Amino acid sequence: MKVWSPSGEYARLAQLCTVGDPASTRTPQGYLSFRAALSRVALVLLFLAGILVSPRTAHAYPWMIRHNYTACATCHVDPSGAGILTAYGTAQGDLLLRTRYGASGGDDVSPAAGFLWGAVEPPDWFLPSGSFRTLALASKYGNGTFSTTLIIMQADLKAAIVTGGFRAYASLGFVNVDGSAASVTGSLVSREHWLGWAFGEDDAFLVRAGRIDVPFGIRQIEHTLFVRQSTRTDLNDTQQHGVALAYTGGLIRGEVMGIAGNYQVSPDAYRERGYSGYAEIAPLTNAAFGVSSLVTHAARDLYLRLPNTRQAHGVFARVAPISPLVLLAEADLVAQSATSETGYATMLQADVEPTQGVHLIATGENMRVGGANTGTSWSGWLGAGWFFAPHVDARFDFQKQSLAQGRANLDVTALMFQFHAYL
Amino acid sequence: MTKTRQSLSLSVLAFLTFGLSSPAQAKPEFPSEIQSDLKLSYLVPCSVCHIEDNTGSSTPITPFALALRARGLSGDNGSVGTSLALLAADGVDSDGDGVTDIAELKAGTDPNSSANASLINDQEPGYGCGGSPPTGRSEGGPAIGSALALAWLFVQRRRGRP
Numbered sequence: 000m001k002v003w004s005p006s007g008e009y010a011r012l013a014q015l016c017t018v019g020d021p022a023s024t025r026t027p028q029g030y031l032s033f034r035a036a037l038s039r040v041a042l043v044l045l046f047l048a049g050i051l052v053s054p055r056t057a058h059a060y061p062w063m064i065r066h067n068y069t070a071c072a073t074c075h076v077d078p079s080g081a082g083i084l085t086a087y088g089t090a091q092g093d094l095l096l097r098t099r100y101g102a103s104g105g106d107d108v109s110p111a112a113g114f115l116w117g118a119v120e121p122p123d124w125f126l127p128s129g130s131f132r133t134l135a136l137a138s139k140y141g142n143g144t145f146s147t148t149l150i151i152m153q154a155d156l157k158a159a160i161v162t163g164g165f166r167a168y169a170s171l172g173f174v175n176v177d178g179s180a181a182s183v184t185g186s187l188v189s190r191e192h193w194l195g196w197a198f199g200e201d202d203a204f205l206v207r208a209g210r211i212d213v214p215f216g217i218r219q220i221e222h223t224l225f226v227r228q229s230t231r232t233d234l235n236d237t238q239q240h241g242v243a244l245a246y247t248g249g250l251i252r253g254e255v256m257g258i259a260g261n262y263q264v265s266p267d268a269y270r271e272r273g274y275s276g277y278a279e280i281a282p283l284t285n286a287a288f289g290v291s292s293l294v295t296h297a298a299r300d301l302y303l304r305l306p307n308t309r310q311a312h313g314v315f316a317r318v319a320p321i322s323p324l325v326l327l328a329e330a331d332l333v334a335q336s337a338t339s340e341t342g343y344a345t346m347l348q349a350d351v352e353p354t355q356g357v358h359l360i361a362t363g364e365n366m367r368v369g370g371a372n373t374g375t376s377w378s379g380w381l382g383a384g385w386f387f388a389p390h391v392d393a394r395f396d397f398q399k400q401s402l403a404q405g406r407a408n409l410d411v412t413a414l415m416f417q418f419h420a421y422l
Numbered sequence: 000m001t002k003t004r005q006s007l008s009l010s011v012l013a014f015l016t017f018g019l020s021s022p023a024q025a026k027p028e029f030p031s032e033i034q035s036d037l038k039l040s041y042l043v044p045c046s047v048c049h050i051e052d053n054t055g056s057s058t059p060i061t062p063f064a065l066a067l068r069a070r071g072l073s074g075d076n077g078s079v080g081t082s083l084a085l086l087a088a089d090g091v092d093s094d095g096d097g098v099t100d101i102a103e104l105k106a107g108t109d110p111n112s113s114a115n116a117s118l119i120n121d122q123e124p125g126y127g128c129g130g131s132p133p134t135g136r137s138e139g140g141p142a143i144g145s146a147l148a149l150a151w152l153f154v155q156r157r158r159g160r161p
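Each protein sequence line maps, in turn, to chains A and B. So for the first sequence, numbering that gives the first Met the number 0 puts the first residue at 0; every next one is plus one. So for the second sequence, numbering that gives the first Met the number 0 puts the first residue at 0; every next one is plus one.
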């Protein structure tokens, strides 16, 4: 088992889960002793018990294209990205995602890269995980004063089974809001649960059925982006039940889903039915371009409370033109029959990684979805994120928005600090 | 306590501190406050302020709700009347359909969308397998684990484990 020895202040953080433990916590074979493992598991369980409260999103990093990862299926069980990592994805997350410390922290995967920071080694076919994210938010609306709130954005446990062509995936978590579209009962939510079968050369095809993240556009963690909100395709609670077929090839990838509705919302009138899908081509290892399309109908739209046929069609791109820059862009047309309005939403994001694990992010977006009598909403934000240790990262964002309210605009200022950990 | 355990414990404690101090605050009395203030014949549904009736202190983000928050709406019940008065004085029309938000509420239509769905006798969606409608309340998240983690830290330090 490889061992590395970080030094300096960062060593205290790195020692969270490395093999820098005293010899008494390790067996002669190098595995954690039962007591040490139990201690770690107990702390993590306490951690879970304390923060299992609130909603929001998974983790998806489309800027991994800077490492020539044009497809998501290499690292994620979900071929369209986000969620549980494959064994390969877990290793790459340790090698490429976080800051590496010390002179020898080069090509070795840390023992802490595994599940529960290496405390438990599950069988190869079973991939347990979890994702927990907190947010400290300070926001100001119009001429009002800043208000602050601390939010547990996500507290989900997840697991996947990957054996042969068989795939199974489920998540279970808690929220502290009432009326989540992902609710199973009360505050218990299940955002994703599906069964699938992979087939073809290198398991290039995956057919699955269940509650699935809607395949559309760029899958990214910022669920409040205009392109995600206007198309209702975020990672929070807009998943739908249905059947999906995905293909991951060297040049082309895509997924199409027949949407049967969200069966965790009732009555049936509120369930949307239709399709959603995307297709992406990666002519270069550092560039990918795609198109998306979605059409659904509900007898009673969850937002508008009227019969509504909703459409969204757009294009998107992920490009890493020059190290360490990645550009993400998306533009969508949206239309709703209930309002007889057609609008649009756009997003451009630049991610610079000056040193591994540190991300400087600039995002600009605009949206106009209210028809001729509604102005345009604008938003700009600057962020900095740091994957500072195995399985954990922190991020700070400053956001300024000008939100259309009829012909007037409302200015919004927000400061956000997030802490994220995954198992 | 080993450095490993100390670092892990401190990180968990820091993380749980967020949970300990972040109970959500829902205001189920706000709909009746709005009904009373505007002398409406109906109780406004949660969806007027909360996307998809998803209640909680972080979810009043409909255009109408944002307009109220920009005019002082807070967790204080008294802020409802004040912000509604300012909304009326400013003639805010959040959905740009030519009818002010206050006029729409008095007419019983949704001020958030030009679709102008009726808010009277609105059939709220049910969530979960039981199809329960939102109660307008949210759990505070007591973060029991915070106290347990603190106790764990205290025990470990007292024992002076290596």
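We treat Cβ as the ideally placed atom computed from N, Cα and C, and that holds for glycine. Fair warning: this is a prediction, and the values are worked out from it, not measured in the lab.
Using the Cα positions of residue i and residue j, report the straight-line distance between them to the nearest angstrom.
i      : j      : result
A/L422 : A/G164 : 25 Å
A/G248 : A/A203 : 6 Å
B/V91  : B/Y126 : 32 Å
A/A81  : A/E340 : 32 Å
A/N408 : B/K38  : 28 Å
A/G172 : A/Q263 : 14 Å
B/A64  : B/G95  : 15 Å
B/G129 : A/T184 : 7 Å
A/Q238 : B/P124 : 16 Å
A/F418 : B/K105 : 43 Å
A/Q153 : B/T58  : 14 Å
B/T99  : B/D109 : 11 Å
A/R218 : B/S78  : 38 Å
A/N235 : B/A69  : 26 Å
A/L305 : A/R299 : 5 Å
B/D89  : A/A180 : 34 Å
Is DSSP giving residue i helix, strand or coil here?
i      : result
A/F215 : coil
B/I119 : coil
B/G77  : helix
A/Q355 : coil
A/L156 : strand
A/H390 : coil
B/Y126 : strand
A/H75  : strand
A/F145 : coil
A/N408 : strand
A/T69  : coil
A/A81  : coil
A/E200 : helix
A/D20  : Residue placement at A/D20 is poorly supported in this model, since its pLDDT is 40, which falls under 50; the coordinates still yield a value, given next. A/D20: coil per DSSP, three-state reduction.
A/Q417 : strand
A/E120 : coil
A/S109 : coil
A/S349 : Reading the sequence as shown, one finds Ala at residue 349 of chain A and not Ser. Strand at A/A349.
B/P30  : helix
A/P127 : strand
B/R68  : helix
In chain A, which residues lie with their C-beta within 8 Å of the C-beta of residue i?
i      : result
B/G167 : An answer regarding residue 167 of chain B cannot be provided, because it is not within the stretch 0 to 161 covered by chain B.
B/T58  : V176
Check the Cβ of residue i against every Cβ in chain B and list those closer than 7 Å, keeping chain order.
i      : result
A/A169 : Chain B residues near A/A169: none, gap ~15 Å exceeds 7 Å.
List, in order along the chain, the chain B residues whose C-beta lies closer than 8 Å to that of residue i?
i      : result
A/G369 : D94, G95 and S113
A/V294 : Ordered by position in chain B, no residue passes the 8 Å Cβ test against A/V294, which lies about 18 Å from the chain.
A/E340 : S113
Report the neighbours of residue i on chain A: residues whose CB is nearer than 7 Å to its CB, in chain order.
i      : result
B/D121 : R304
B/G71  : G143
B/A116 : L303, R304 and L305
B/P62  : Q404
Going by DSSP, what residues sit across from residue i in a beta bridge?
i      : result
B/S112 : Bridge partners of B/S112: none, in fact.
A/T223 : Partner(s): none; A/T223 has no beta bridge.
A/H296 : A/R272 and A/T308
A/V318 : A/A286 and A/L326
A/E254 : A/A245 and A/Y277
B/E103 : Per DSSP, none; premise fails for B/E103.
A/S170 : A/K157
A/G195 : A/R166 and A/R207
A/Q400 : A/S378 and A/V411
For residue i, go through chain A and note every residue whose CB falls closer than 9 Å to its CB, in chain order.
i     : result
B/C48 : Those within 9 Å of B/C48 in chain A number zero; the least Cβ separation is about 12 Å.
B/L65 : Y140, G141, L402, Q404, L409 and V411
Using a C-beta to C-beta distance shorter than 9 Å, which residues of chain B count as neighbours of residue i?
i      : result
A/Q355 : What A/Q355 touches in chain B: nothing, since even the nearest Cβ is about 21 Å away.
A/N372 : D92, D94, G95, D96, G97 and S113
Give a yes or no on whether the minimum CB-CB distance between residue i and chain E is below 8 Å.
i      : result
B/D109 : No chain E appears in the structure shown, which is made up of the protein chains A and B.
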